[in-house]
Amino acid sequence: MNQLLQGLFDGVALGAQYSVIVVGFVVIYRATGIINFAQGGFVLIGAYVTYNISQTWGWNFYLALLMSMLVTAAISIVMQRILLQWVLREVVGMALWLVLWALLYFNGWGHAPAVAVSLLVGLVGFGVTRRIEQHRGSGQARELPIFGSIMVTIGLLYVIKQVVPSIWGFAELNMGDPWGLNVTRVGGLVLSHAKLWTIGLTVTALVAFFAVNRYTKIGVAMRATHFDHEAAVAQGISLKVVFAVAFGIAGAVAALAGTTAGAGIAQLTTNLDLIVFLAFPAMILGGFDSPGGAVLGGIIIGVVQNLTKVYQPEWDLNWLGVGFDRVTVYIVMLIVLMIRPYGLFGTREVHRV
Amino acid sequence: MSGPWKDLKVRYQDDLRLFGSPTLRLGLVALVLAYLFIPVWWETFPVTRLIEGWGLTMTTLNYVGIFAIGALGLNLLTGYTGQVSLGHSVFVGVGAYFAAYAGATWDLPFWLWLPGATLLGFAVGVLIGPFALRLRGNYLVVVTLGLVFVGDHVFRNWRSVTGGNAGVSVSKAPLEVGPIDFRDLTLFGHGFEKEQGFFWLIWGFVAITALLVKNIVRTRPGRALQAVRDRDIAAEIIGIDLFRYKTMAFAISSAIAAMAGGLYGTLQAYVSPIDFGLGIAIQYIAIIILGGLGTVHGSIIGALFVGALPRVIDGLAKDFDIPAVGGDKGGSGGILSVSSLNQIIFGLLIAGFLLLEPRGIAGIWARVKAYFKAWPFSY
Chain A
1 MNQLLQGLFD GVALGAQYSV IVVGFVVIYR ATGIINFAQG GFVLIGAYVT
51 YNISQTWGWN FYLALLMSML VTAAISIVMQ RILLQWVLRE VVGMALWLVL
101 WALLYFNGWG HAPAVAVSLL VGLVGFGVTR RIEQHRGSGQ ARELPIFGSI
151 MVTIGLLYVI KQVVPSIWGF AELNMGDPWG LNVTRVGGLV LSHAKLWTIG
201 LTVTALVAFF AVNRYTKIGV AMRATHFDHE AAVAQGISLK VVFAVAFGIA
251 GAVAALAGTT AGAGIAQLTT NLDLIVFLAF PAMILGGFDS PGGAVLGGII
301 IGVVQNLTKV YQPEWDLNWL GVGFDRVTVY IVMLIVLMIR PYGLFGTREV
351 HRV
Chain B
1001 MSGPWKDLKV RYQDDLRLFG SPTLRLGLVA LVLAYLFIPV WWETFPVTRL
1051 IEGWGLTMTT LNYVGIFAIG ALGLNLLTGY TGQVSLGHSV FVGVGAYFAA
1101 YAGATWDLPF WLWLPGATLL GFAVGVLIGP FALRLRGNYL VVVTLGLVFV
1151 GDHVFRNWRS VTGGNAGVSV SKAPLEVGPI DFRDLTLFGH GFEKEQGFFW
1201 LIWGFVAITA LLVKNIVRTR PGRALQAVRD RDIAAEIIGI DLFRYKTMAF
1251 AISSAIAAMA GGLYGTLQAY VSPIDFGLGI AIQYIAIIIL GGLGTVHGSI
1301 IGALFVGALP RVIDGLAKDF DIPAVGGDKG GSGGILSVSS LNQIIFGLLI
1351 AGFLLLEPRG IAGIWARVKA YFKAWPFSY
């Protein structure tokens, strides 16, 4: 009994991390119709930014977490505007800035002058492109096929996965969380503080998200956008704002998931983004466009994965191999999909002929 | 004088012809000559020696050939039938492990184990196909992603066949066709290196596979597949059996992938699970995106591009001092290693091509061709 309860607790803590990642997926999917594979990259960025602020700069951990959520949200929004909406002026400005910075910095310029000069040139490029676009009247965002956008986010993931270690290195790092290895024992159960906090922070974030989605104006705008892009625009909703908010929320929750995943016993490594590939089944399970389903799917996947890990040796299933818990997750997903092709709570697609 | 009107196709037979124009026939002759003489001349001919200096060796060309075969299979499925698969590398792995097992344990000859691997890939594809029938779009992407993880788990844990994490040797799989052994080739009393033998073997299969795929897509089944891609409900209404064609597309695609896998195993002489992970699956998708979705020659051009680019960058990084990039073996104070630079360029290329030229290199080629076809008129 104790073993089962312990397995359930650990599973829920794991599932909470999945849930919060999946909410990020679902928000983006509802707004834009894209599956954002780069979410793994943002998990990585969020975790390392938290590490940097709390360990290198020595700030309070919770403050660092909050800052990291903001920073990651900002990066996520910028990436979305550059790569998925393809706003030319931002692409040109960004490219000029980065290339010029690299040229100056590696030709012996100091840090500050290189950044200042390249930033200035980048801004000028941004402005000039904007003027040209206004002049020619072609400031339109490009439309990509769905499969195309998925591949673009995969490309982004490749880039982030290389850039992060080039800044912070490959070594395992200590996140600097105040929980460490502390545990509380409740009648035979071992409740690790990191896991309790994970559940607590996740619930807080999810409640905040659902409140925003339900009661605020931007939440209504997001739901309207999901329902029908054109009708939403006709009502005066700005798609740009909705997309930006969706990617911002996704970036923030990714930072939360990354930080909690790298805290406690687990160390901060550059493989942290792999957690996202286990969140995909959770998303499928709940249905692509249902935030409630995302939470439930995440918890189910977390519990299934953890119980497999607990009971595999006990039921003489060791011949199935190490890491079989990661496969069961996909098997559960397949079974659910065969019965309900749109997940547990997903909207059934209606195909007009 | 030939004018633009000469190229207009007025009969169905003209449309079906593979090498219909004199230019294309000349191109065919050039390709055949290149196929025959590249292995002989690669290290002596000045131009190819220069290319080899950039890091594009015979071995790289052989890998490119294998990528091309696998990409042809994936293009049939993704480019022509519209079913996105992130699990292509698993089928490649199935073929490679079959080659290892059949060669070492059953000691099958070449003309038995290669078709065997292909058949096994076909069978696995038939099993996976029905899943694809029930799912569409994004759901299919994630399910095929799951296939990669399940496949990886099987490769790592079915130790008696796959050798687990350490992998298994494929060097026992024989490569003899009658008196010709491609590993240790002797023709007209002249001995050839292993790479040269492999070049003839692999690029021969590239030609056969390309012809096969081209024949599928230019005839009735191919038109059915493209109809499924463009609008599956409409396709069903005009009488296309969705179950049959989607399953067939999966099966043929994975059969081709398994064949590529068998050749990959023998070329590398050793395979382990990291050769068939998600990265490789994405690489195959990158090949067909860069080359051009829904084109046969695009798969091969894309393979050349994706296969050769890392080697060329490696080669260039040795000769030139690229800012911010240090050598892999602890070069002078860069913030990136050459392999990270490769990955970054790879990612940027995928994103960049999709944003700027969604039809890939084949699209650029088609535009250049169209321009000269109508020359001197602009349209």
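Taken in order, these protein sequences are the chains called A and B. With the working numbering applied, the first sequence corresponds to residues 1 to 353, in that order. With the working numbering applied, the second sequence corresponds to residues 1001 to 1379, in that order. No residue lacks a Cβ here, since even glycine has one placed at the ideal position from N, Cα and C.
The contact set of A/Gly46 on chain B, defined by CB atoms closer than 7 Å, is empty, because the minimum CB distance reaches about 19 Å. For the 8 Å CB-CB criterion, B/Val1213 and B/Val1296 form a contact. With fewer than 16 other Cβ atoms from the protein chains shown falling within 10 Å of its own Cβ, A/Gln267 counts as exposed. Closer than 9 Å at the C-beta level to chain B, one finds these residues of the stretch 149-161 of chain A: Ser149, Ile150, Met151, Val152, Thr153, Ile154, Gly155, Leu156, Leu157, Tyr158, Val159, Ile160 and Lys161.
By the rule that beta-carbons nearer than 8 Å mark a contact, B/Pro1358 touches chain A. The beta carbon of A/Tyr330 falls within 8 Å of a beta carbon belonging to chain B, placing the residue at that interface. Out of B/Gly1087, B/Gly1164 and B/Met1058, the CA that lies nearest to the CA of B/Phe1037 is found in B/Met1058.
Ranking B/Leu1147, B/Asn1138 and B/Ala1173 by CA distance to the CA of B/Trp1113 puts B/Ala1173 first. In this structure, A/Gly40 lies away from A/Gln305, with their beta-carbon atoms at least 8 Å apart. Per DSSP, reduced to three states, the secondary structure at B/Ser1089 is helical. Contacts with chain A (Cβ-Cβ distance below 8 Å) from the stretch 1171-1188 of chain B involve no residue at all.
In terms of beta-carbon proximity, B/Val1142 lines the interface with chain A, with at least one pair separated by less than 8 Å. Under the criterion of beta carbons closer than 8 Å, B/Leu1074 and B/Ser1253 qualify as touching, at roughly 6 Å. Using a 10 angstroms sphere on the CB of B/Val1177, the tally of other CB atoms stays under 16, which defines it as exposed. Out of A/Thr129, A/Trp97, A/Gly127 and A/Val124, the CA that lies nearest to the CA of A/Val115 is found in A/Trp97. When 8 Å is used as the limit between beta carbons, A/Pro281 is near these residues of chain B: Val1142 and Gly1146, in chain order. B/His1153 belongs to the set of residues whose beta carbon lies under 8 Å from a beta carbon in chain A. Taking a 10 Å sphere around the C-beta of B/Leu1026, we find fewer than 16 other C-beta atoms and assign the residue as exposed.
At a Cβ-Cβ threshold of 8 Å, A/Leu103 and A/Val121 do not count as neighbours. In the DSSP assignment, A/Thr184 falls within the unbroken beta strand (DSSP E) covering Val183 to Val186. C-alpha of A/Thr269 to C-alpha of A/Tyr330: approximately 24 Å in a straight line. Judged by their CB atoms, B/Tyr1080 and B/Gly1222 are nearer to each other than the 8 Å cut-off.
With contact defined as three or more Cβ pairs closer than 8 Å, the stretch 1128-1140 of chain B and the stretch 1192-1203 of chain B are not in contact. Against chain B, the CB of A/Phe288 has a partner CB under 8 Å away; the residue lies at that interface.
In the displayed model, B/Ile1180 falls within a strand according to three-state DSSP.
The Cβ-Cβ distance between B/Ala1257 and B/Gly1070 falls below 8 Å. At a C-beta separation below 8 Å, B/Ile1344 has these neighbours in chain A: Tyr158, Val159, Gln162 and Val163.
For B/Leu1242, the nearest beta carbon of chain A is not closer than 8 Å to its own beta carbon.
Proximity of B/Leu1309 to chain A, defined by a Cβ-Cβ separation below 8 Å, is not satisfied.
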